[in-house]
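Those sequence lines, one after another, are chains D and Y. Last residue of the first sequence: 116 (the numbering used here), numbering continuous. Last residue of the second sequence: 1112 (the numbering used here), numbering continuous.
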Amino acid sequence: GENVEQHPSTLSVQEGDSAVIKCTYSDSASNYFPWYKQELGKGPQLIIDIRSNVGEKKDQRIAVTLNKTAKHFSLHITETQPEDSAVYFCAASIKDSGGGADGLTFGKGTHLIIQP
Amino acid sequence: ETGVTQTPRHLVMGMTNKKSLKCEQHLGHNAMYWYKQSAKKPLELMFVYSLEERVENNSVPSRFSPECPNSSHLFLHLHTLQPEDSALYLCASSPRTGLGYTFGSGTRLTVV
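What follows is the structure, encoded as structure tokens:
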């Protein structure tokens, strides 16, 4: 099955600086890569996703890049703000897997701390 | 509110108890999931339901038993749990399997 590795486990950056979180996956058939943000006491919330037919996607201060050859993808947050402090999870799955009920495989998460 | 509601938010149960976790989604999604979230571990997929059809997951102990009576409701029945089953249990739904999950806030389960 799929295996997703995520680094780093903790990331501390100064407010206003950029943060980068990296993930690798093992199953070359995976073609859907979402990122989730989890705040304390809440469930994970989808913040951005990318499919294998594109290499980069951007939404305001967040962006995701995908390298299918190397099987890795990254989350980039620019101009970080205190409210960006949370745990971030990457995930991978095979979208449109022909009717099979596949779930997402998640990384272990990155605790992002924004220092004022 | 995300559109996925889980109850109860917190549950403490003894190892001999039987309890159930409930999940309800108001998003018109066709797939629902149970995930287990433990400290310092990845989110672990437990069960998947697609159009009320369950996908078997042989790695989940039989003391966890899911039920999906319709596409809007999902239950997780618990019996004779162990202390290591203490975790946050998250329900999610998506329009189709493997795509765009919406999570509930979870049930924090403590087994004593």
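No residue lacks a Cβ here, since even glycine has one placed at the ideal position from N, Cα and C.
One finds P1042, L1043 in chain Y with Cβ atoms closer than 7 Å to the Cβ of F106(D), taken in chain order. Pairwise C-beta distances place the stretch 49–58 of chain D out of contact with the stretch 2–17 of chain D, as fewer than three of them are shorter than 8 Å. As computed with DSSP, P1066(Y) is found in a beta bridge with L1076(Y). The criterion of a C-beta distance shorter than 7 Å is not satisfied by A91(D) and H76(D).
Within chain D, the residues G41, K42, G43 have their CB atoms less than 8 Å from the CB of S1105(Y), given in chain order. Taking the Cβ atoms as the reference, P1069(Y) lies roughly 12 Å from R1054(Y), outside the contact range of under 8 Å. Contact between L1021(Y) and L1076(Y) is confirmed by a C-beta separation of about 4 Å, below the 8 Å threshold. Burial is judged here by how many other beta carbons sit within 10 angstroms of a residue's own beta carbon; S18(D) has fewer than 16 and is exposed.
Between Y1089(Y) and chain D, the shortest Cβ-Cβ separation is not below 7 Å.
Inter-segment contact for the stretch 1028–1042 of chain Y and the stretch 1089–1096 of chain Y is present: three or more beta-carbon pairs are separated by less than 8 Å.
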